Structure formats: structure tokens, C-alpha cells
Amino acid sequence: MKHKIITFFRILHNGTVNFLRNISIAVAAIAVMVVTLTIVLLSIVVNATFGNTINQITSKIDISVYLKNNVSTSQTKTLINQLQHLNNVQSVQYLNKEQVLRQYETQNASNHQLALAISESSNPLPATIHIKPLDLNKISNIKSFLDTPSVATLQSNPPSYSGSLQTAINNIAHATDVLRKLGIISIIVFAFISALIIFNTMQMAIFNRRDEIQIMRLLGASTNYIRGPFIVESSIYGALSAILSVIIINSIFVTASSTLQATTLGLLDINYATSYFDSHFWLFMVLQVIIGVAIGSISAGIATRRYLKFKVQN
Amino acid sequence: MILLDRVTKTYSKALGPALNRISIHVEPKEFVIVVGQSGAGKTTLLRLLTREERPTSGKIIVGGIDYDKLRDKEIPMLRRKIGVVFQDFKLLPNRNVFENVAFALELVGASSREIKNTVPRVLEIVNLKGKEKNMPLELSGGERQRVAIARAIVRQPKILIADEPTGNLDPKHAWDVIKVLEKINRYGTTVLLTTHNVEIVNKLKRRVITLKAGRVISDRANANYHL
Ligand SMILES: Nc1ncnc2c1ncn2[C@@H]1O[C@H](COP(=O)(O)OP(=O)(O)OP(=O)(O)O)[C@@H](O)[C@H]1O
Ligand SMILES: [Mg+2]
Chain A
2 MKHKIITFFR
12 ILHNGTVNFL
22 RNISIAVAAI
32 AVMVVTLTIV
42 LLSIVVNATF
52 GNTINQITSK
62 IDISVYLKNN
72 VSTSQTKTLI
82 NQLQHLNNVQ
92 SVQYLNKEQV
102 LRQYETQNAS
112 NHQLALAISE
122 SSNPLPATIH
132 IKPLDLNKIS
142 NIKSFLDTPS
152 VATLQSNPPS
162 YSGSLQTAIN
172 NIAHATDVLR
182 KLGIISIIVF
192 AFISALIIFN
202 TMQMAIFNRR
212 DEIQIMRLLG
222 ASTNYIRGPF
232 IVESSIYGAL
242 SAILSVIIIN
252 SIFVTASSTL
262 QATTLGLLDI
272 NYATSYFDSH
282 FWLFMVLQVI
292 IGVAIGSISA
302 GIATRRYLKF
312 KVQN
Chain B
3 MILLDRVTKT
13 YSKALGPALN
23 RISIHVEPKE
33 FVIVVGQSGA
43 GKTTLLRLLT
53 REERPTSGKI
63 IVGGIDYDKL
73 RDKEIPMLRR
83 KIGVVFQDFK
93 LLPNRNVFEN
103 VAFALELVGA
113 SSREIKNTVP
123 RVLEIVNLKG
133 KEKNMPLELS
143 GGERQRVAIA
153 RAIVRQPKIL
163 IADEPTGNLD
173 PKHAWDVIKV
183 LEKINRYGTT
193 VLLTTHNVEI
203 VNKLKRRVIT
213 LKAGRVISDR
223 ANANYHL
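Residue numbers (the working numbering), protein chains in the order written: chain A, 2 to 315; chain B, 3 to 229.
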């Protein structure tokens, strides 16, 4: 056990020494890794921000169904029940005539005349059911249900779909969808490229030291004892790159929100992005370090493999 | 301790076997000298023992380990049990004298304190005191050879293989090295030494195995050098 601990620390030490020795190669590897990790993190934040924007807009949107005055309580209950069981329905809210009136009054509290125009006794406002769909793009089933004759006869007016906002939302949803896909593709591409570069860096480092490795082998060094320092070395690349990428993203948001004094950058809500980033700072830091160390150590592990095989000759 | 049974090693069919059906049995604590002309197969023999090469045919058993049953991942463990002085030294170029010798101890998980205690003692034995900080390239051939010897004996192995350890040394230093080998042999280490040095062979009066073109042509106790 004691030997194992000593050996473990020696591997750490040797890896660090190698890192410092190969600092120029290290800089190249780190640069690529920083780009990768920055893209990863940026897409996470941008994604969350767009998601938030869409949620904010869609939460304001619903389908309103206006009921005739002669619809009975039991008919209403059945209708609500049926609506709740439809696909793609998130919530159903019923407001009776009085509630609708009160809502109308609070909304028009400043406009005395409008408020007066409608009084309790002659309430012309219909009882209303608000339906919140899960996905705004797929409300056709709700629509066709509301259009069926038996349901249509209960309604005083045709349902309203917050129609004008719908197209705007569709556009945003489409744009973010494209961005999300682009993000995922670039994450994969850059992760692959940086793994490849780290892999080559390691192979170069190993190639330069193949005599040394061979001597270590002859003296009885185990595979882990030789490979360990290389993995430590490339894990240092990964960890440093992770920290750098977090710093870069951090300064992007700081500059964007303070220097530009802007709240949005195109469609991107900078305020939200910044606060989202800030509130998840340590999670992102840890996540980035894990990704960086994983890319580094896995590619080093693979790169060292063929130099560590025992010569099989007969 | 060391057993080779009809061992053949052929590097390439065109050149014929480097070792041809040789059988050698070395008892524990024996001191054996292997002689033979250049190219006779001495280094090949030693490489088979360290598992640097595999025999084309034949059986090898060292320290109770049957090489036929040895798995690849057990090779490092085997090598840590054998001290080797390589003909071409094989010092680690990026490490100084002290670190080169220390490396052998690092591999067996020795503590820094053990290393600090042991390495200077061994360097003193091979007369390298004061050279601890030198890099291998800053050493003479003879000094490098002595570093290689220090590294081979620092773990006090049960078996010591020395391939021409006096090749680059003047007679005085050569004898110092031989004395170290004899001393370590007296403490119980089996020593296998290859050399071209007639004087050393004749003075040592030990068992001498003569190789010629990959065959054992003589194997005698208390022998003199002859080819
Ligand atoms: N890796 C190799 N590949 C092919 N042939 C080899 C290899 N190593 C050695 N040989 C050949 O095997 C024969 C024996 O070589 P070996 O190195 O064992 O000789 P040696 O007795 O140690 O010689 P020396 O006294 O010069 O060190 C030689 O003919 C050599 O050319
Ligand atoms: Mg030789």
C-alpha cells in the first residue's frame, strides 16, 4: 500500500515535470482544447438562454375558449375534463363570468369609463377556458377538437389563438433549433479535433522519448508507471484549458453586459445568459475540467498504447 | 536458478540461428562467465533471460519462473527481480547519475528516504562519488558503465546479469568492477558475466561457458579463457 502511494505520487511528479519540459508543445495542445471547451460552454449557455426566452414568450400564450351563457355547470365540467385529456395540453384554467369581469376590471382600473361600462348586473363577458398547450407548434388536435360541432355549439365566439405572436414564436423556435444543432455539431467536431491534436502531441512526446520508454521497460517499469505521467501531462492540458475557457466566457459576458450596455445581442438575452452563467459558475468549472481531463487522458492513453506493447517475436 | 533447455533463437531465417540448441544450468549463488567471439550470441543469451527476446524454441526457467507461462504483464515484475548491466549501458538521458540509479529503486516503490540512503552508498562502491549531478552525456564511457553497474546492483537482485561490464574500463577500474561483482556474489547473488577480457577470466578462476556461432563449445569450472 505504501509502495502504491509512493508510486502514485511519483507518477504525478513525473507527469508535471514532463509538462513543464514540453511547454511549447503544450501551448499548441492547450490552445485547441480551449477553443473546444469554450464552444462547449458557450453552446450550453446560449441554449439555456434561448430556452428561457422561448419559455417566457410561450408562457404568455394560450388558447381561449368563450362559453355561451346557457352552458350548464356539468357541461362545463365535462368539457374541461375532455380538454385535460387531450394530447399536448399542459393546463386548463376555467374562469366564470364574475372572474372574467374582475380580471377585466383590474386590467382596466385606470380607465374609469370602460370599467363603468360593464357592470355586475349586465355582465356581457363570457365565461372563459384558458388552455396552455405544451408545444405551440402542435395545437392542431386541440383546434380540431374545439371545432367539432358538439363543442362548437357551446361557444359564444370562435376560440382565440393569440395568433399574431404565433408566427414570431415559430421563428424563434426554429432559429434556436438550428443553433442548437449547430452547437452540437461544433462540439463534436471540435472535441474530435482537439482529441486528435492532443493525441498527436502525445505521440510526438512519446516518439521523442521512445528510447527512454524502452529503457524503463527493460528495467521493469510497469505499463502504468510509464503511461501514468503522460496521462497526468495531458490531464494538466485539459484542466488548464478548462479554466481558461471559463475565464474567456466570463469575460465575454462581462464585456457584453457592461461595455456594450446592451441587454440583448441579436436574439440572445445577455442579462439572462450572464446570470445563468454566474449562478452555475462552479458547476460549469467542474464540468469543463472533467471534459478537458477526459479528452486529455483518453487520447494520451490511446496514444501510448502502441509504444507500450511488449515485443512479440518468436 | 537459471535453466536453459535446448534453446534456439533465430532472428532471421537467412542469417541462421544466433543461438543453436543451447542448454545451460546455473545453480543459485554461482558465478558464471560467458565468453565467445563477437557475434557468438552472448548478448542474445542475456536478452532471452530478461525476456527482451523470446526463444524460437526451447525452455527457459529463471528463479522458478517458467517463461512459457509468463504473461506479458508479469514481465515488468520479472525484470525488477533481475539486475542487468547492459552492454550499451542504457542510461536514462534526461536524468543525472543519482537519478539514474534511483530510478531502479523508484520502480520497486522505495521511499525517498530509502533512496537518499542507498544511492550514495552504491555510488561510492563504484567510485562515482561527486558525480551525482552529472548527466550521462557529461560522463566518460567508463563512468557511464559504472553508473549502469550501480543501477544494476542497487536493488540487491538475486540474479545479476552483466554484459561486458568492463568493456570501457582500464585494468584498474575493470578490476574494481569485478571485485564489486564478486562481493555481491559472496552475499548470495547469482552472477552471469560476459567478457572478452582474457586476464579477468584467467584470474577469476570461475566456471566459464564458451559460445561459438550460437553453440556451447565448452563449459568448465575453474577454467581459463580459450576460444
Ligand atoms: N535484433 C537482432 N536482429 C537480427 N540479428 C541480430 C539481432 N541481435 C543480434 N543479432 C545477430 O545475432 C548474432 C549474435 O549477436 P549477439 O549480440 O548475441 O553477439 P555477442 O556475442 O553479444 O557479440 P559481442 O561480443 O559483439 O557483443 C549476431 O550475428 C548478430 O548479428
Ligand atoms: Mg554482446
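For each residue, glycine too, the CB sits at the ideal point set by N, CA and C.
Keep in mind it's a predicted model, so treat the numbers as computed, not measured.
Going by beta-carbon coordinates alone, are residue i and residue j separated by less than 8 angstroms?
| i | j | result |
| --- | --- | --- |
| residue 210(B) | residue 203(B) | yes |
| residue 155(A) | residue 69(A) | yes |
| residue 148(B) | residue 162(B) | no |
| residue 143(A) | residue 80(A) | no |
| residue 30(A) | residue 238(A) | yes |
| residue 190(A) | residue 13(A) | no |
| residue 10(B) | residue 59(B) | yes |
| residue 40(A) | residue 151(A) | no |
| residue 194(A) | residue 28(A) | no |
| residue 240(A) | residue 287(A) | no |
| residue 160(A) | residue 147(A) | yes |
| residue 64(B) | residue 4(B) | yes |
| residue 157(B) | residue 85(B) | yes |
| residue 190(B) | residue 31(B) | yes |
| residue 52(A) | residue 230(A) | no |
| residue 124(B) | residue 103(B) | yes |
| residue 183(B) | residue 195(B) | yes |
| residue 176(B) | residue 93(B) | no |
| residue 42(A) | residue 247(A) | yes |
| residue 64(A) | residue 140(A) | yes |
| residue 297(A) | residue 199(A) | yes |
| residue 311(A) | residue 68(B) | no |
| residue 130(A) | residue 72(A) | no |
By the three-class DSSP mapping on this structure, what secondary structure does residue i have?
| i | result |
| --- | --- |
| residue 11(A) | helix |
| residue 87(A) | coil |
| residue 179(B) | helix |
| residue 219(B) | strand |
| residue 33(A) | helix |
| residue 52(B) | coil |
| residue 172(B) | coil |
| residue 89(B) | coil |
| residue 195(B) | strand |
| residue 10(B) | strand |
| residue 214(B) | strand |
| residue 75(A) | helix |
| residue 72(B) | coil |
| residue 157(A) | coil |
| residue 203(B) | helix |
| residue 310(A) | coil |
| residue 62(A) | coil |
| residue 175(A) | helix |
| residue 130(B) | coil |
| residue 142(B) | coil |
| residue 300(A) | helix |
| residue 96(B) | coil |
| residue 2(A) | coil |
| residue 221(A) | coil |
| residue 43(B) | coil |
What residue does the beta strand (DSSP E) around residue i start on, and which one ends it?
| i | result |
| --- | --- |
| residue 24(B) | 21-28 |
| residue 33(B) | 33-38 |
| residue 163(B) | 161-165 |
| residue 156(B) | Unbroken run through residue 156(B): none, as it is neither H nor E. |
| residue 60(B) | 59-64 |
With which residues is residue i paired in a DSSP beta bridge?
| i | result |
| --- | --- |
| residue 92(A) | 133(A) |
| residue 67(A) | 129(A) |
| residue 209(B) | 34(B) |
| residue 4(B) | 28(B), 64(B) |
Alpha helix (DSSP H) containing residue i: first to last residue?
| i | result |
| --- | --- |
| residue 81(B) | 77-83 |
| residue 124(B) | 114-127 |
| residue 103(A) | 98-108 |
| residue 144(A) | 141-148 |
| residue 210(A) | Here residue 210(A) belongs to no alpha helix (DSSP H), and DSSP marks it neither H nor E. |
| residue 275(A) | 271-280 |
| residue 245(A) | 224-255 |
| residue 1(B) | Limits of chain B in this structure are 3 at one end and 229 at the other, which puts residue 1(B) out of reach. |
| field | Those residues, in chain order, that have a beta-carbon closer than 5 angstroms to some heavy atom of ligand 1 | value | Here the residues come out as 13(B), 20(B), 40(B), 41(B), 42(B), 43(B), 44(B), 45(B), 46(B).
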